[in-house]
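Undergrad: Structure incoming, see below.
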Amino acid sequence: MRYAVIFIISLTMIFPFLWMISASFKDSLDVFVFPIDWIPDTPKFSNYVYIWQKVNYGLLFFNTLKIAVIVTLLQILTCSLAGYAFSKLEYPERNKIFIIYLSTLMIPYQVIMIPQFSIIRMLGLSNTHAALILIHAFNPMGVFLMKQFFDSIPKELNEAACIDGLNDFNIYYLIIMPLSKSVIGTLVILTSVLMWNDFIAPLIYLNSEKLFTIQLGLRNMISEHAAEYAPIMAASVISIIPILIVFLKFQKFFEQSLVSSAVKG
Numbered sequence: 001m002r003y004a005v006i007f008i009i010s011l012t013m014i015f016p017f018l019w020m021i022s023a024s025f026k027d028s029l030d031v032f033v034f035p036i037d038w039i040p041d042t043p044k045f046s047n048y049v050y051i052w053q054k055v056n057y058g059l060l061f062f063n064t065l066k067i068a069v070i071v072t073l074l075q076i077l078t079c080s081l082a083g084y085a086f087s088k089l090e091y092p093e094r095n096k097i098f099i100i101y102l103s104t105l106m107i108p109y110q111v112i113m114i115p116q117f118s119i120i121r122m123l124g125l126s127n128t129h130a131a132l133i134l135i136h137a138f139n140p141m142g143v144f145l146m147k148q149f150f151d152s153i154p155k156e157l158n159e160a161a162c163i164d165g166l167n168d169f170n171i172y173y174l175i176i177m178p179l180s181k182s183v184i185g186t187l188v189i190l191t192s193v194l195m196w197n198d199f200i201a202p203l204i205y206l207n208s209e210k211l212f213t214i215q216l217g218l219r220n221m222i223s224e225h226a227a228e229y230a231p232i233m234a235a236s237v238i239s240i241i242p243i244l245i246v247f248l249k250f251q252k253f254f255e256q257s258l259v260s261s262a263v264k265g
């Protein structure tokens, strides 16, 4: 019974993706035909050709990939450094500062949206990828994940490294980070998925079409009076491939992080 429930839930979750793949090979008029024709008699590969030639999907893909990669690398750096400082360094009111920083997670994005936009405009970063990179370079949840993992590393390891003459940065870089592959893999998956699917921030900060990300490009394919759903589905299929690759690449680290959390719990 339990496996039957798991199977039904899994099928429910994968159904939209299978439908999207099927629809990407149809005419736009046939996308919503019911009952669903899962395997079209004459698959239309022209939908994939269309998005590359007419929609300039290659540029959209490159812009999204650039932002996602840079933000992911920055978050690994900033979150690990902050997590190490909160976990291993001793200074006054460390725990209070951490709680205050973590409490920013409870602030809705709509509250900080206008002040954030004003700061970005004041810095002269409006309509640039740098704006998106800057506002996403720091992640309280990532700091929390890093700190919790670093807390599980024995302090004796730091003390032994200090006796050997290593400073805090060398301990962080040479000892702590090589031991943190599982939590880094988790952060890579979470951050890359978040940035790849981000729609609100690009919508707010980007005006030039040459800077648009995939999500804005998909939105532009829907006009006021009509939408080319088959090419949209084709573009959506291609857009999930990088995320799927990232997940498969870092899945084992993500599972190790879950197992580690369960054992500590």
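Its first residue numbered 1, the sequence shown is counted upward by one per residue in the UniProt record's numbering. A virtual CB, placed ideally from N, CA and C, is assigned to each residue, including glycine.
So which of Q75, Q110 and A131 has the shortest CA-CA distance to I119?
TA: Of Q75, Q110 and A131, the residue nearest in Cα terms is A131.
Undergrad: Going by DSSP, what residue range makes up the alpha helix (DSSP H) through K147?
TA: Counting along the chain, the alpha helix (DSSP H) containing K147 begins and ends at P140 to D151.
Undergrad: By the DSSP assignment, the alpha helix (DSSP H) with Y173 in it spans what residues?
TA: That residue, Y173, is in no alpha helix (DSSP H); it is neither H nor E in DSSP.
Undergrad: Skipping 5 residues on each side, what residues in its chain have a beta carbon closer than 8 Å to that of I204?
TA: Excluding sequence neighbours, I204 sits near M113 and F117.
Undergrad: Where do the ends of the alpha helix (DSSP H) carrying residue 321 lie?
TA: An answer regarding residue 321 cannot be provided, because it is not within the stretch 1 to 265 covered by the chain.
Undergrad: Mind checking whether Q215 and G142 have CB atoms under 9 Å apart?
TA: Going by C-beta atoms, Q215 is not nearer than 9 Å to G142.
Undergrad: Going straight from the alpha carbon of L9 to that of R94, what length do you get?
TA: Reading off the sequence shown, one finds Ile at residue 9, where the question assumed Leu. If you take the alpha carbons of I9 and R94, they lie about 43 Å apart.
Undergrad: Just to confirm, is the Cβ distance from I171 to C162 under 9 Å?
TA: Result yes, Cβ atoms of I171 and C162 sit closer than 9 Å.
Undergrad: Out of S208, D168, A235 and V193, which one is the CA nearest neighbour of K88?
TA: The candidate whose alpha carbon is nearest that of K88 is D168.
Undergrad: Based on the DSSP output, what are the partners of A227 in its beta bridges?
TA: The partner list for A227 (beta bridge, DSSP) reads I222.
Undergrad: Measuring CB atoms only, is the stretch 229-247 touching the stretch 42-52, in the sense that at least three cross pairs come out at less than 8 Å?
TA: In short, these stretches touch, since the Cβ pair count reaches three.
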